[in-house]
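Visitor: For reference, the structure I am asking about is given below.
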Amino acid sequence: SAVISQKPSRDICQRGTSLTIQCQVDSQVTMMFWYRQQPGQSLTLIATANQGSEATYESGFVIDKFPISRPNLTFSTLTVSNMSPEDSSIYLCSVQRGPNTEAFFGQGTRLTVV
Amino acid sequence: RKEVEQDPGPFNVPEGATVAFNCTYSNSASQSFFWYRQDCRKEPKLLMSVYSSGNEDGRFTAQLNRASQYISLLIRDSKLSDSATYLCVVGSNTGGFKTIFGAGTRLFVKA
């Protein structure tokens, strides 16, 4: 298993500002992902956080808007930049120990942009 | 077409009922299949993996039909504590490994 600490758990931010979300894992993991979940919707993959290299972004998500850091195998950050109300959502980090294995999630960050 | 499709429900059932959820996936090269449970305002957690031979865990039975690209979850003798959203999840390795989540099926079990 993996225990993930995600911070902050929630925040209310002004439009135009940025928020950085942190994800700390209790052990080294190769695969780390960032998801977004709108209320009542499925999880949408934002990007795969690659240790030591640039993140791999999914269609519709760009590095300038969602810069990601992955300095080591236990930690990653996601920044939501220049926020607008449309960015209000739950953001979740997830880790997997390998392809086709169980995904473990952080507790999520509930973001409201006003 | 969504990569993983589920009936959103909600399913409203009495305690003790049997309820079945279905899910279809579009990528025939998908390699792994799971059901996750997500409680309100909580993160998803693995309920069970789904194997080609089918598998059972207590009151829960999962089945996979690769030919029809179809996954099912059966819950017998429903409990109030089964009330949650059930996410159908598929792992694929097309253009890099990804885990794709369905939108979920909401279940309400009533006394």
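Here the protein sequences line up with chains A and B, keeping their order.
For the first sequence, this note's numbering begins at 27 and goes up steadily by one.
For the second sequence, this note's numbering begins at 580 and goes up steadily by one.
Cβ atoms here follow ideal geometry from the backbone N, Cα and C, with glycine treated the same way.
#1: Below 8 angstroms on the Cβ atoms is my contact criterion, and I expect Val140/A with Ile47/A to pass it. Report the Cβ-Cβ distance as a whole number of Å.
#2: Mind checking Leu659/B: buried by the 16 CB within 10 Å criterion, or exposed?
#3: Closest to Thr138/A by CA distance: which of Ala28/A, Pro34/A, Ala81/A is it?
#4: Using a threshold of 9 angstroms, state whether the C-beta atoms of Ser110/A and Trp60/A are closer than that.
#5: Confirm the yes/no value for this check: CB of Lys33/A, any heavy atom of the ligand ATP, distance under 8 angstroms.
#6: Could you give the C-beta distance for Phe7/A and Ile72/A, rounded to a whole number, given that I count them as a contact under 8 angstroms?
#7: Is it buried or exposed, Tyr665/B, if we count other Cβ atoms within 10 angstroms and call 16 or more buried?
#8: Which first and last residues belong to the beta strand (DSSP E) in which Arg638/B is found?
#9: Under 9 angstroms between beta-carbons, which chain A residues line up against Ser611/B? List them in chain order, please.
#10: As a quick exercise: from Gln50/A, Val55/A, Arg41/A, pick the residue whose alpha carbon is nearest that of Gln7/A.
#11: If we call anything under 9 angstroms between Cβ atoms a contact, is Gln648/B one with Thr603/B?
#12: Does Gly637/B pass the burial test, meaning 16 or more other C-beta atoms within 10 Å, or should it be called exposed?
#13: Leaving out the 5 sequence neighbours to the left and right, which residues in its chain are closer than 7 angstroms to Thr678/B when beta-carbon positions are compared?
#14: Which residues in the same chain as Val29/A place their Cβ atom closer than 6 angstroms to its Cβ, once the five residues preceding and following it in sequence are excluded?
#15: Buried or exposed for Gly148/A, going by 16 or more other Cβ atoms inside 10 Å?
#16: When you compare only the Cα positions, how much space is there between Gly134/A and Ala596/B?
#17: With respect to the beta strand (DSSP E) encompassing Ile116/A, which residues constitute its N-terminal and C-terminal limits?
#18: For a cutoff of 9 angstroms on Cβ pairs, would you count Thr138/A as touching chain B?
#19: Which of the three DSSP states, helix, strand or coil, is assigned to Glu112/A?
#20: Using DSSP's beta-bridge definition, name the partner residues of Thr55/A.
#21: Beta carbon of Pro593/B, beta carbon of Ser657/B: below 9 angstroms?
Guide: Looking at the coordinates:
#1: Locating residue 140/A in the first sequence gives position 114, where the first residue counts as 1. Locating residue 47/A in the first sequence gives position 21, where the first residue counts as 1. Wrong, their Cβ atoms sit about 18 angstroms apart, outside the cutoff.
#2: Residue 659/B sits at position 80 when you count from the first residue of the second sequence. Exposed, because fewer than 16 other Cβ atoms sit within 10 Å of the Cβ of Leu659/B.
#3: Taking the first residue of the first sequence as 1, we reach residue 138/A at position 112. Thr138/A has its Cα closest to that of Pro34/A, out of Ala28/A, Pro34/A, Ala81/A.
#4: Here residue 110/A refers to the residue found at position 84 of the first sequence. Here residue 60/A refers to the residue found at position 34 of the first sequence. Taking 9 angstroms as the Cβ cut-off, Ser110/A and Trp60/A do not qualify as a contacting pair.
#5: The model on display carries no ligand, and the ligand ATP is accordingly not part of it.
#6: Residue numbering for chain A in the displayed model covers 27 to 140; residue 7/A lies beyond these limits and cannot be assessed.
#7: The residue labelled residue 665/B in the question sits at position 86 within the second sequence. So Tyr665/B ends up on the buried side.
#8: Taking the second sequence and counting its residues from 1, the one referred to as residue 638/B is at position 59. That residue, Arg638/B, is in no beta strand (DSSP E); it is neither H nor E in DSSP.
#9: Mapped onto the second sequence, residue 611/B falls at position 32. Within 9 angstroms Cβ-Cβ: Pro125, Asn126, Thr127.
#10: In this structure chain A extends from 27 to 140, so residue 7/A is not present and cannot be described.
#11: Translated into positions along the second sequence, residue 648/B becomes position 69. Translated into positions along the second sequence, residue 603/B becomes position 24. Yes, the Cβ-Cβ distance between Gln648/B and Thr603/B is below 9 angstroms.
#12: On the second sequence, residue 637/B is found 58 positions in, with the first residue counted as 1. Label assigned to Gly637/B: exposed.
#13: Taking the first residue of the second sequence as position 1, residue 678/B is located at position 99. Val668, Gly670, listed in sequence order.
#14: On the first sequence, position 3 is the one that residue 29/A refers to. Closer than 6 angstroms at Cβ, skipping near neighbours: Asp52.
#15: Because chain A in this structure spans residues 27 to 140, residue 148/A falls outside the shown range and cannot be described.
#16: The residue labelled residue 134/A in the question sits at position 108 within the first sequence. The residue labelled residue 596/B in the question sits at position 17 within the second sequence. Those two C-alpha atoms are separated by around 32 angstroms.
#17: For this step, residue 116/A is matched to residue 90 along the first sequence. Start and end: 115-122.
#18: Within the first sequence, residue 138/A is the residue found at index 112, counting from 1. At a cut-off of 9 angstroms, the C-beta of Thr138/A has no neighbouring C-beta in chain B.
#19: On the first sequence, position 86 is the one that residue 112/A refers to. The answer is helix: DSSP assigns Glu112/A an H, G or I state.
#20: Position 29 of the first sequence holds residue 55/A. Per the sequence presented here, residue 55/A reads as Val, with Thr not at that position. Looking at the DSSP assignment, Val55/A forms no beta bridge with any residue, so it has no partner.
#21: Along the second sequence, one-based indexing puts residue 593/B at 14. Along the second sequence, one-based indexing puts residue 657/B at 78. Yes, they are a contact pair.
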